[in-house]
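Quick note: the sequence shown uses UniProt numbering, first residue 1, plus one each step. Every residue gets a Cβ at the ideal spot worked out from N, C-alpha and C, and that includes glycine. Okay, structure first, notes after.
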Amino acid sequence: MIDVRSAVAMRMPHAAARAHPARTAAMLGAGAALLSFAGSGIPSYWGDEAASVLSAERTLPGLFGLLGQIDAVHGAYYLFLHFWVQLLGTGEWAVRAPSAVAIGVAAAGCCVLGRRLFGPATGLLAGILFAVLPQATHMGAEARSYAFTMAAATWLLIWLLMLLDRQEQRPRVWAGYGVATAGSIYLFLYLGLMLPVGAVVLVILRAPRRTWAGWARAAALALLLALPILVAAVLQRAQISFLAERGYATPDAVLVSQWFGWPGLALLAWALIVIALLGAVRALPASHGAAAQRAERIPAAMGAALPHRDAVLIVTAWLVLPTAAVLLVNAVALPVYSVRYLAFSAPAAALLMAVGLRAVATWALGPWRASARRQQLGLLAGTLVIAALAAPSYLGQRTPFAQGGSDLRQLAETVAANGQRGDAVVFDESVRPSLRPRLALDLYPAHFADYDDVMLDTRYVQRTRLWDTVRPLAELGARVQGHSTVWAVERGADRPDVTALEALGYRVDAAMPINTTTVFKLTKEQP
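Spelled out as structure tokens, the structure:
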């Protein structure tokens, strides 16, 4: 059979071999989940999360009606969230908690995969580095499906390597892998890009023809089962047309924001990744001495251990191929790139960083490289440096306005604290839907229970679209003027609703800037 454990991993010291890998991975996953969950309830919801919450709050018929019109690619996550919020409510802490758990599952997967490919120490290191990557801690504190994509991609690759390890031939086992792959595509469409990654893995491992046949049947089954969501994605492609206007596909986005948050960490991360790749190109193990170097020369044949070079190439395919494919489509066909969409390759970055860090630590120790304790201290120092560089991103993600400056909860609290029963409230409709302040009313309805939402036409739960429909303020003169106090929530400097209310005889009594929005109190004496 093809043993997809690396030659290095099979020659680790006995102490590492006696460790409890499942317990280690589980503990690491729990720590990563807690790290992502900590502070996750501090930021206000933002527009994309509003789409998640408002979709999940619908009845099941209402949710499926919505998915028939828009956001089908997020349908599996919305369906899960529908049942979740029935149990725990729609507060930020509760709704974001599953994403933190998903990050923990992904971190545990990094540990398992790294152990299998590079040895226990590198697996543990990879899991830790993944847990502190800014993209992981960000997605782990957000009510979207991207944290789940990281976990799904990691464990799909582990499963594939296990099938190849035992040269699986049973059709039902490969069918199970195909069903799981289809499920991942329903979770998020771009996880279909793990199929070409899998094909490259088979090429790297020089899999026999029968194994190729099993994988091909699984891939065909996955695509067949995923056909409905693929068709829906094509029919609903207009929902991502906004990407063409924003020019997201920049070098800074791909090399920095996509996984690493800011240039300081990105420079170090890419340096470590390059070191790992250079070790593979030179056919040298990145960190394990002469014995492993001899093992590295074993050809990847039936019954042989997986060379370090092949292990690095497998992870590199996961890192590079999805991004390259998305950028190619983005350049020649239609806009499909966003840093979030490729979050599922973040574990690959962490794995290569771990390989590179082990190489640097071994080289830096010089004549003491045989000392396990000194190696551990060197790796600890490197890990602390990476964690320190990731810390500013982590802390910044856990501030009140961390989600793109969104202040929806804060504006809801401001209106609730200052108004009185029977006051009217109006919201700026001049910005795009995901930025509109009235999302605060739908996300935090208790804060507006005593107010008259004079502009409301149809609530979102009664529609097959994401948001409420409203009537223009200019058409509501008589209804508005029945209120002596109107609260106007504006985003930006134009203040269209304040201007309209002033034309009706209201005057501004108070202006309360929050962050991206300002709450105005306008009053008018009643006849």
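| query | result |
| --- | --- |
| Roughly how many angstroms lie between the CA atoms of Ile273 and Ala440, to the nearest whole one? | 42 Å |
| Which runs of the alpha helix (DSSP H), 4 residues or longer, sit entirely within the region 199–258? | 209–225, 227–235, 243–246 |
| Could you give the C-beta distance for Asp428 and Val489, rounded to a whole number, given that I count them as a contact under 8 Å? | 6 Å |
| Ignoring anything shorter than 3 residues, give me the beta strand (DSSP E) runs that lie fully in the region 65–116, in order along the chain. | none |
| Do you know how far the Cα of Gly104 is from the Cα of Ala30? | 6 Å |
| When you compare each of Ala511, Gly404, Ile314, Ser430 to Trp46 by their alpha carbons, which one comes out closest? | Gly404 |
| Taking only three categories from DSSP, how would you classify Ala300? | Low confidence applies here, because Ala300 scores a pLDDT of 38, under 50, leaving its location unreliable; read the following figure in that light. If DSSP states are grouped into helix, strand and coil, Ala300 belongs with coil. |
| What is the DSSP secondary structure of Phe118, counted as helix, strand or coil? | helix |
| So, helix, strand or coil for Pro513, using DSSP? | strand |
| Under DSSP, the alpha helix (DSSP H) around Asp442 begins and ends at which residues? | 439–443 |
| For the region 75–84 and the region 47–66, state whether three or more C-beta atom pairs, one from each stretch, are separated by less than 8 Å. | yes |
| Tell me whether Thr458 sits in a helix, a strand or coil according to DSSP, three-state version. | strand |
| DSSP three-state label for Phe188, please. | coil |
| According to the neighbour-count rule (16 or more other Cβ atoms, all chains shown, within 10 Å of its Cβ), is Gly477 buried or exposed? | exposed |
| What residue from Ala216, Ala226, Leu54 has the CA that sits closest to Ser434's CA? | Leu54 |
| So is Thr469 buried or exposed if we call it buried at 16+ other beta carbons inside 10 Å? | exposed |
| Would you give the residue range spanned by the alpha helix (DSSP H) that Leu49 belongs to? | It is Glu, not Leu, that sits at residue 49 in the sequence shown. It spans 47–56 - the alpha helix (DSSP H) in which Glu49 sits, taken as one unbroken run. |
| Tell me which same chain residues have a C-beta within less than 7 Å of the C-beta of Thr518, skipping the five on either side of it? | Glu490, Ala511, Met512 |
| Sorted by chain position, which residues of the same chain lie with C-beta nearer than 7 Å to His20's C-beta, five sequence neighbours on each side aside? | none |
| Rounded to whole angstroms, what is the Cα-Cα separation between Gln375 and Gln410? | 49 Å |
| Using only CA atoms, which one of Tyr186, Thr414, Gly109 lies nearest to Leu157? | Gly109 |
| Have a look at Gln293 and Ala271 and give me their C-alpha separation to the nearest angstrom. | The pLDDT assigned to Gln293 is 38, lower than 50, so where the model puts this residue is not dependable, and the model offers no usable value. |
| Give the single residue among Ala354, Arg465, Ser338, Ala106 whose Cα lies nearest to the Cα of Leu255. | Ser338 |
| With distance defined between alpha-carbon atoms, name the residue in Gly356, Val315, Ala446, Ala141 nearest to Ser345. | Val315 |
| Quick one: what's got a C-beta closer than 7 Å to Arg459's C-beta in the same chain, skipping five residues either side? | Asp468 |
| From this set, Met27, Ala106, Gly41, which residue's C-alpha is nearest Ala343's C-alpha? | Ala106 |
| Which residue from Arg436, Val200, Thr362, Ala222 puts its Cα closest to that of Trp174? | Ala222 |
| Whether or not the region 35–46 and the region 392–402 are in contact is what I'm after, with contact meaning three or more pairs of Cβ atoms, one per stretch, closer than 8 Å; do they touch? | yes |
| Considering Trp467, what are the terminal residues of the alpha helix (DSSP H) in which it resides? | No alpha helix (DSSP H) holds Trp467; DSSP gives it neither H nor E. |
| Which word fits Ala238, buried or exposed, when buried means at least 16 other C-beta atoms lie within 10 angstroms of its C-beta? | exposed |
| Would a C-beta distance cut-off of 8 Å place Ala446 and Asn330 closer than the cut-off? | no |
| Strictly by DSSP, which residues pair up with Arg507? | Thr523 |
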